[in-house]
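Residue numbers (the working numbering), protein chains in the order written: chain A, 90 to 241; chain B, 90 to 241.
Number of protein chains: 2
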Amino acid sequence: MSINNNTIADIRKFNRFYTNILGLFDKHILDTGYSFTEARVLLEIGLLEQCIANNLVDKLKIDRSYMSRIIAKLSKDGLVIKENSTLDSRTSLIRLTPKGITIFNQINEKSNEQVMNLFRGLSEKEIKEIHTSMMFIQKKLDSLEGLQDDTI
Amino acid sequence: MSINNNTIADIRKFNRFYTNILGLFDKHILDTGYSFTEARVLLEIGLLEQCIANNLVDKLKIDRSYMSRIIAKLSKDGLVIKENSTLDSRTSLIRLTPKGITIFNQINEKSNEQVMNLFRGLSEKEIKEIHTSMMFIQKKLDSLEGLQDDTI
DNA sequence: TTTTTTTAGTGGACTATATCAACTAAAACT
DNA sequence: AGTTTTAGTTGATATAGTCCACTAAAAAAA
């Protein structure tokens, strides 16, 4: 138990603080008229360029049937198209339509804006220090994955 | 626009990374048999020691009717008690029962454990540096609240 | 090659989570 | 006293997510 109680309390306080930040950050997603989950699917399709439903299920850990319905909705709304795969006719290749790309870009631009807003009022030096701190935290914690991920 | 695109990308990557960390962190809450929202209410009651439903509504930004049902459930399960207020008979004073305190402590201890697990494998020096980085980020960002919190 | 098993996806039924609106009763204000 | 506001409850409904059974095709085994 090499880590002391005040430090733990501080870190939990930071976690609450940053949960808040992230919550405010993501709220703009809802402006699109889609839920967080739907938006996650849309963004992932945009990143993967082309994929099948199961890729998304694995990557985003969303139930297959739920994914099926989300894709159906996005497809119905004209944000994605499903093209029958010739290699495996159980599957469809999914990708964004131009309309889907528009929303994808809109979400990304808004997310960038949010980051800029967060830093508004800070000096270049301060921003650089925060950036460095974040990269440091990520580097140190990423390597371990010391969390109990009890997914069986 | 003094903040460059790579920095923004890095920070968004950090945000995704930390969202993940926080998600894994909080999962243990569900072991209690209560949802995140229910647990938030329970924890808040524990922190406030004594409160009325409306305090919780304001603090946690949860709908009144939903709050009413959550408190009813916690009360039915014997985690909180509602005592009629003599000062304002529209309200009840809510506080944790011993059983509620047990769960409150259980959640807190488990949360502390999670923090310790996260740092397992890091040296004292590294932990100290991460702690410092977090406090720095919080100090810098807390003051501004530069986010567009569009809550009307 | 035929049979068996696995995989991808869909749809029905359901549960859990959350919101909205109408209402009661008490408190606060005029 | 009469009116308005506030605290809380309940019914109805919406939204999000899960579970299960099923179809059809692919992959593996016989």
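Glycine included, each C-beta is placed from N, C-alpha and C at the ideal position.
Here the structure is a predicted model, which is why all the values come from computation and not from measurement.
Which residues mark the beginning and the end of the alpha helix (DSSP H) in which residue i is found?
| i | result |
| --- | --- |
| Leu136 (chain A) | Phe125 to Leu137 |
| Asp115 (chain B) | Asn94 to Asp115 |
| Ser200 (chain B) | Pro187 to Phe208 |
| Leu149 (chain A) | Ala142 to Leu149 |
Where does residue i land, buried or exposed, given buried means 16+ other C-beta within 10 angstroms?
| i | result |
| --- | --- |
| Tyr107 (chain A) | buried |
| Gly189 (chain B) | buried |
| Ser200 (chain A) | buried |
| Asp239 (chain A) | At Asp239 (chain A), the pLDDT of 40 sits below 50, so the modelled position is not reliable and the matter cannot be decided from this model. |
Whole angstroms is fine: what's the gap from residue i's alpha carbon to residue j's?
| i | j | result |
| --- | --- | --- |
| Arg184 (chain A) | Thr126 (chain B) | 35 Å |
| Gly167 (chain B) | Ile159 (chain B) | 12 Å |
| Lys229 (chain B) | Leu176 (chain B) | 43 Å |
| Ile118 (chain A) | Asn104 (chain B) | 15 Å |
| Ser232 (chain B) | Lys165 (chain A) | 44 Å |
| Asp115 (chain A) | Ala98 (chain A) | 26 Å |
| Glu198 (chain A) | Val204 (chain A) | 10 Å |
| Arg38 (chain B) | Thr186 (chain B) | The structure shown does not extend to residue 38 (chain B), since chain B is modelled only from 90 through 241, so no value can be given for it. |
| Phe225 (chain B) | Glu172 (chain A) | 49 Å |
| Asp152 (chain A) | Leu145 (chain A) | 10 Å |
| Leu136 (chain A) | Leu163 (chain A) | 16 Å |
| Leu211 (chain A) | Ser174 (chain A) | 51 Å |
| Glu218 (chain B) | Val169 (chain A) | 45 Å |
| His220 (chain B) | Ile196 (chain B) | 22 Å |
| Ser222 (chain B) | Arg209 (chain B) | 18 Å |
| Met156 (chain A) | Lys150 (chain A) | 10 Å |
| Ile110 (chain B) | Ser154 (chain B) | 32 Å |
| Thr121 (chain A) | Ile92 (chain A) | 43 Å |
Over the uninterrupted beta strand (DSSP E) stretch that includes residue i, give me the two end residues.
| i | result |
| --- | --- |
| Leu163 (chain A) | No beta strand (DSSP E) holds Leu163 (chain A); the alpha helix (DSSP H) holding it covers Arg153 to Lys165. |
| Ser178 (chain B) | It is not in any beta strand (DSSP E) - Ser178 (chain B) carries neither H nor E in the DSSP assignment. |
| Lys171 (chain B) | Val169 to Asn173 |
Taking residue i as the reference, give the member of the options with the closest Cα.
| i | options | result |
| --- | --- | --- |
| Leu113 (chain B) | B:His220, B:Leu211, B:Ile151 and B:Asn206 | B:Asn206 |
| Asn194 (chain B) | B:Ile219, B:Ala128 and B:Thr221 | B:Ala128 |
| Thr191 (chain A) | A:Met156, A:Leu132, A:Ala161 and A:Asp147 | A:Leu132 |
| Ile134 (chain B) | B:Thr121, B:Lys148 and B:Gly122 | B:Lys148 |
| Glu215 (chain B) | A:Tyr123, A:Ala161, A:Ile216 and A:Gln227 | A:Gln227 |
Okay, do the segment 170–185 of chain A and the segment 141–158 of chain A touch, 3+ Cβ pairs below 8 Å being the bar? In short, these stretches touch, since the Cβ pair count reaches three.
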